[in-house]
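Count along the sequence shown starting at 1, add 27, and that's the number in our numbering.
Each residue gets a CB set at the ideal place from its N, CA and C atoms; glycine is no exception.
Owing to the predicted nature of the structure, the values given are computational and were not obtained by experimental measurement.
Step one of this worksheet: look at the structure below.
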Amino acid sequence: MDSKTILIVDDEQTTRQGLQKTLEKWSGGKYDILSAADGPEAYELFNKNKIHLLISDVSMPEMDGLKLLSKIKENGYKPVVIIVSGYPDFNYAQEAIRLGVINYLLKPLSKQKLIEAVEHALKTEASLERTSYLEKVADDKLINVDTNHDHSNSAIKEAIDFINNNIEKPITLKEVANTVHLNASYFSVLFKEHTRLTFSEFLTRKRLQIAKTLLLTTNLQIEEISFKVGYQTAKYFIKIFKDYEGVTPSKFRKISELEDAST
28 MDSKTILIVD
38 DEQTTRQGLQ
48 KTLEKWSGGK
58 YDILSAADGP
68 EAYELFNKNK
78 IHLLISDVSM
88 PEMDGLKLLS
98 KIKENGYKPV
108 VIIVSGYPDF
118 NYAQEAIRLG
128 VINYLLKPLS
138 KQKLIEAVEH
148 ALKTEASLER
158 TSYLEKVADD
168 KLINVDTNHD
178 HSNSAIKEAI
188 DFINNNIEKP
198 ITLKEVANTV
208 HLNASYFSVL
218 FKEHTRLTFS
228 EFLTRKRLQI
238 AKTLLLTTNL
248 QIEEISFKVG
258 YQTAKYFIKI
268 FKDYEGVTPS
278 KFRKISELED
288 AST
C-alpha cells in the first residue's frame, strides 16, 4: 500500500518545523510529512501530491486555513483535515465544522495531543477510503445473496462456494448441479428461488465484481484479468463488462484513478 502523506501548513516557521519534527519522529518513516508556509504554497503541493491529511493553521496572511480548505474542496481534493488555532473562535470553529474538519486544536499543542489527533484522523481517512473502494466494487444484488448465504439451502451454499473457488475456470450450470448432486433443471429453479438471480446472472455478477477489484488494486492487463475471472477472450469480457457497468474495463480503471488522484 502506498505511504500516506501529511501536509502541515503554518506561517510560523518555528511552529511548522516543530510539528513536522514531532510527526517525523512519531511516524518513523511510515508517512511522508510535507510542510508549507502559507495557503498558496500548500495549494501547489495539493496539485503535485495526493494529500491524505491536512493540518493547517487558521490565521495566515493572503489565504487563511479556512479559505485554503474551501479552495481545495472546490477543486475536488478531499483530505481529512485538522485545523489549528492560536485562540478559540466560535465562528472559525463553526465554519470549520461546515467544511468537514474533523478536529479543531488550540495552540500551544502538546506532542501527545497532536499525535492522538493525527492517529484518529488517519483512522478516519482509512475508513473513508475503504468506503469509497467498496462503493466502486459493490453489487447490491450480490450483497443480498451474501447476506442471506448463511441461511440458504445447503445445496445452494455449496454451489456458491464452488463458484467462488473456481471462478477462473469455465463453469456451467450442469457442472455445478452435478457437484451438489441435483438435477440441472431443479437446481436452476432452486438457485433462483434462494438468490433471486438466475445462475447465469449470479455467475456474471460475481466475475465482474472480482474483475473490478483487480482493476482497482492491480496493474494487470485487461486480458490477464479476463482470464482470471473465467472469460476465454478479452473481447467478450469487455463486452459483458460494458453491458453491466456502462463503461469498458479500461475506462472504469481510468475514472477510478482520476477520482483517487483528486481525493
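Residue range of the unbroken beta strand (DSSP E) whose run includes residue i
i, result
"Ser112", "Val107 to Ser112"
"Ala63", "Asp59 to Ala63"
Where residue i sits in the DSSP three-state scheme
i, result
"Met28", "Note that Met28 scores 43 on pLDDT, short of 50, meaning its location in the model is unreliable; the coordinates nonetheless yield the value given after this. If DSSP states are grouped into helix, strand and coil, Met28 belongs with coil."
"Asn193", "coil"
"Ile99", "helix"
"Asn210", "coil"
"Leu136", "coil"
"Asn130", "strand"
"Leu24", "It is not possible to answer for residue 24, since the shown part of the chain is limited to 28 through 290."
"Leu4", "Since the displayed the chain opens at 28 and closes at 290, residue 4 lies outside it and no answer follows."
"Pro172", "For the sequence presented, residue 172 should be read as Val rather than Pro. Of the three classes helix, strand and coil, the one that applies to Val172 here is helix, per DSSP."
"Ile198", "coil"
"Val256", "coil"
"Asp116", "coil"
"Asp38", "coil"
Terminal residues of the alpha helix (DSSP H) in which residue i lies
i, result
"Ile82", "No alpha helix (DSSP H) holds Ile82; the beta strand (DSSP E) holding it covers Leu80 to Asp84."
"Gly273", "Premise fails: Gly273 is in no alpha helix (DSSP H) and is neither H nor E."
"Lys75", "Gly66 to Lys75"
Expected contact under 8 Å - CB spacing of residue i and residue j to nearest Å
i, j, result
"Val85", "Ser112", "4 Å"
"Arg234", "Ile194", "6 Å"
"Val172", "Thr222", "5 Å"
"Val128", "Ile110", "5 Å"
"Lys269", "Thr260", "About 14 Å; that fails the 8 Å criterion."
"Thr299", "Val164", "In the structure displayed, the chain extends from 28 to 290; residue 299 sits before or after that span and is not available."
"Tyr114", "Ala123", "Not quite, the Cβ-Cβ distance comes to about 14 Å (not below 8 Å), so this is no contact."
"Ser277", "Phe264", "Ser277 to Phe264, Cβ: 11 Å. No contact."
Residues bridged to residue i [DSSP beta-bridge criterion]
i, result
"Ile237", "Paired residues: none, contrary to the question."
"Ile33", "Ile60 and Leu80"
Per the contact definition of three or more C-beta pairs closer than 8 Å, is the segment 29-47 in contact with the segment 71-86? Two segments are said to touch when three or more pairs of C-beta atoms, one from each, lie closer than 8 Å; by this definition the segment 71-86 touches the segment 29-47.
Cβ contact check for the segment 58-65 and the segment 77-97: 3 or more pairs under 8 Å: In short, these stretches touch, since the Cβ pair count reaches three.
I'd like to know if the segment 178-190 and the segment 204-220 are in contact, where contact means that at least 3 CB-CB pairs between them fall below 8 Å. Per the Cβ contact rule, the segment 178-190 is in contact with the segment 204-220 (3 or more Cβ pairs under 8 Å).
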